[in-house]
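Numbering-wise (our numbering), the sequence shown opens with residue 67 and increments by one. C-beta: ideal position from N, C-alpha, C; glycine also. Here the structure comes first, spelled out in structure tokens, and everything after it is commentary.
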Amino acid sequence: MDSTFMGTLAGLALRLRESENGSLLVCNVNERNADLLRNLGLNNLFTVESKADVADQAESTLSSDGSLSRLDHATCMIEAHEALVDADPENLARLRMSWSI
67 MDSTFMGTLA GLALRLRESE NGSLLVCNVN ERNADLLRNL GLNNLFTVES
117 KADVADQAES TLSSDGSLSR LDHATCMIEA HEALVDADPE NLARLRMSWS
167 I
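Following this line, the structure appears as structure tokens:
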């Protein structure tokens with residue numbers, strides 16, 4: 067799970083919060099990813115269910131046609147990282163460190 071993906075989740079959660087009764091639930095999260103989400107403060111934006119929590123539930127999948135243009139992809143990445151900073155301003159320093167590597 068990279069910062070763009072986590073930022074996308076943060077952006078979705080923030081948009082859902084703005085809509086009436088909207089919320090995001092992230093299911094089937096392994097321990098490492100749960101730690102990443104907590105370290106970025108994203109567990110304050112949405113509910114995270116571990117693999118153990120969803121073991122008895124039906125499996126679900128997401129599909130994508132992968133048709134994003136380079137510009138759309140870049141825009142998505144920028145919005146995702148901005149959402150991470152909106153979720154927790156301390157993420158700006160964390161992201162800057164990862165960009166310099």
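Quick check on residue i: buried or exposed, where buried means 16 or more other Cβ atoms within 10 Å of its Cβ?
i	result
LEU111	buried
LEU106	buried
LEU137	exposed
Using a threshold of 8 angstroms, state whether the C-beta atoms of residue i and residue j are closer than that.
i	j	result
LEU103	MET143	no
GLU115	VAL92	yes
LEU90	ALA79	yes
Counting only the same chain and skipping the five closest in sequence on each side, list residues whose C-beta sits under 8 angstroms from that of residue i.
i	result
HIS147	SER69, THR70, GLY73 and LEU161
Measure the alpha-carbon distance for residue i versus residue j and round it to whole angstroms.
i	j	result
ALA96	GLU145	Sequence check: residue 96 is Asn here, not Ala. Using only the alpha carbons, I get a separation of about 25 angstroms.
ALA159	MET67	19 angstroms
MET163	ASN94	29 angstroms
LYS117	LEU75	18 angstroms
Who are the Cβ neighbours of residue i in its own chain at under 6 angstroms, not counting the five residues just before and after it?
i	result
GLY88	LEU82
ALA140	none
Going by the DSSP bridge assignment, what does residue i pair with across the sheet?
i	result
LEU102	BP columns for LEU102 are empty, so no partner.
LEU80	Beta-bridge pairing links LEU80 to no other residue.
Are there any heavy atoms of the ligand SAM lying less than 7 angstroms away from the beta-carbon of residue i, as far as the coordinates show?
i	result
ASN105	The ligand SAM is absent from the structure shown, which contains no ligands of any kind.
For residue i, which residues of its own chain have a beta-carbon under 7 angstroms away from its beta-carbon, when the five flanking residues on both sides are left out?
i	result
ASP154	LEU106 and GLY107
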